[in-house]
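Counting from 1, one number per residue, gives the positions in the sequence shown under the UniProt record's numbering.
Everything below concerns the one structure shown next.
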Amino acid sequence: MLAHCQCGALQASVSDDAQPTPVLCHCDDCQRRSGSPFGVIAYFAKEAVTVSAEAREYRRGSYSGTALTNGFCPHCGSTVYVLLEKAPALIGVPVGAFAEPSFPAPVRAVWEQHRHSWVSLPDGTPTFARGSDGK
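Here you go:
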């Protein structure tokens, strides 16, 4: 699988046998990063993803108290990867960067307390008012 930014300069290549764990997040920071009412990031084992080309990184705190780093294209500004301080063995790739309609649905939705009232999730999606660890 290949994900890339809007201009195509920054890419994330994911091994064919890698299993994604897509997570939908309603937090304010994901809303601002994505420009939509939520963000959806697919997490993979770090060794399954190869990022190519120059990236800029923006590191910020999170509601859970740990840092999150967005890797984005210095030309078009699109986020192509996410690193979590609390999960250093994983790398996240925004699902929209794959532009693949058949990508698996999120396995959970977090920070529901920030969900827009008009946003609906697929039936059966586990939801958490805060982060998935309840913190």
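C-beta atoms are modelled at their ideal positions from N, C-alpha and C, and glycine is treated no differently.
Mapping the DSSP letters down to three states, classify G39 as helix, strand or coil. strand
Let me check you understand the geometry: is the CB of T125 closer than 7 angstroms to at least one non-hydrogen atom of the ligand MN? Of ligands this structure carries none, so the ligand MN is not represented either.
Provide the residue span of the alpha helix (DSSP H) that contains R32, from first to last. D28 to S34
Take the Cβ of L2 as the centre, count every other Cβ of all protein chains shown within 10 Å, and call the residue buried at 16 or more, exposed below. exposed
In the DSSP assignment, what residue or residues form a beta bridge with E57? G71
Check this for me: beta carbons of V49 and V95, under 8 angstroms apart or not? no
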